[in-house]
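Residue numbers (our numbering): 7 to 453.
For glycine and all other residues, C-beta sits at the position ideal for the given N, C-alpha and C.
Model, not experiment: these values are computed from the prediction.
First the structure, in the form of structure tokens, and then the observations on it.
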């Protein structure tokens, strides 16, 4: 495998575009975006990611803009007052998300202070999120707002008594363990420690909660106690996360959320994402092992691969180019390469080798990864290689379709539900449908 840092300007949808999707996913959440007119315009122009084959959902009424004038920087407390006024028109709110990015920072807005002030007035949690806060690795992903929001939601999780000492069984008498203890080779003063099973909280699958539940069901089938998911159906349904809790990320781009969980004392399990058959099998097996349960997913993975054989036959040998912006590109490329596709290139706007170390090792030697790809260079390489299908960011999508390329937008995979064994089938069916339609159209045109 070759990793090339192009140090270019990748085409990435601004993270702020995810505000509508967060409001749709969390019905008790009000999203207030403090920024200039450019941020307000972006909120109106970028709808939440649609489910594949459907129109984008309407703009959520729970996403509001708090306009800041660059010529008149706001006084301290003004953003908090605007947030309180915005929340006054809604009933049943569980929390408020105050999104204040680069523009608000430059105008002197202290988002943390404003959030604390608004929380005291509303008597509700108010979470301050900066979608433009830099990461340790350079670059931006379209899903950064989701990651930062999950990190703040973890602060609302109850700490709970998740990690408890292992229960013990003592002998019938302190001086002697009885006949059974003697047969088992234990002396009277010994105690047998029952293996501790630790609860697991799952992070991610923001736009496809159904696939997150599928992974939770697979874990439960292997005896793992799944405490819940972040995000949950509501703020008050968040699982306990603290000392003794395990957290596992469903998505590869949740660096801030994992760090927030570790600051609370939880242990982060770093393995492959549950995307694709082999990724799901390894995720379940390793999470179960750390949680104290014994599970072997080898037979299950073989059975799923067998069920997917007709779809693999259609995808085998197809040349696929990744030019997306969501952070899902590396695990999706790993799965499709396992399924028999030829992955020409994987463009990643940000490559955090610490988070993606397992994914990169599993990607295989024949796949080229381009970090911070320049969008012009991507267009040229796509034009030269003429792939069968391109997974493209929204900005490149129209340009590539106009050039005759078969494309699927990277945002389609956010709502598709790519996690788990069921997600593997959905990904293959989604791509095979696209290829079949293109071939049918070509045949009709030739006639």
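For residue 216, the enclosing alpha helix (DSSP H) begins and ends at 215 to 227. Just so you know, the alpha carbons of residue 322 and residue 437 end up roughly 12 Å apart. By the Cβ criterion, the region 8 to 27 is in contact with the region 143 to 161, since at least three pairs of Cβ atoms, one from each stretch, lie closer than 8 Å. Counting C-beta pairs closer than 8 Å gives three or more between the region 247 to 263 and the region 205 to 224, which meets the contact rule. Listed in chain order, the alpha helix (DSSP H) runs fully inside the region 34 to 99 are 43 to 51, 84 to 93, counting runs of at least 4 residues.
For residue 319, the enclosing alpha helix (DSSP H) stretches over residues 315 to 321.
Put simply, the region 432 to 448 does not touch the region 349 to 356. Fewer than three CB pairs are less than 8 Å apart. Here residue 134 has 104, 117, 118, 121 as same chain residues with Cβ atoms under 6 Å from its own Cβ, once five neighbours each way along the sequence are excluded.
The C-alpha of residue 108 lies about 12 Å from the C-alpha of residue 74. 8 Å or more divides the Cβ of residue 10 from the Cβ of residue 418.
Going by DSSP, residue 153 is part of the alpha helix (DSSP H) stretching over 150 to 160. Taking each of 405, 366, 367, 365 in turn and checking the Cα distance to residue 382, the smallest one comes out for 405.
For the set 411, 280, 265, 220, the Cα lying nearest the Cα of residue 274 is the one of 265. Counting the other Cβ atoms within 10 Å of the Cβ of residue 232 gives 16 or more, which makes it buried. For residue 80, same chain residues with a beta-carbon under 7 Å away, outside a window of 5 residues either side, are 74, 113, 115 in chain order.
With respect to the 8 Å criterion, residue 69 and residue 102 are not classified as neighbours on the basis of their beta carbons.
Along the region 367 to 440, the beta strand (DSSP E) occurs as fully enclosed runs of 3 or more residues at 374 to 377, 395 to 398, 413 to 415, listed in sequence order. In this structure, the beta-carbon distance from residue 160 to residue 267 falls below 8 Å. Between residue 310 and residue 325, the gap from beta carbon to beta carbon reaches 8 Å or more.
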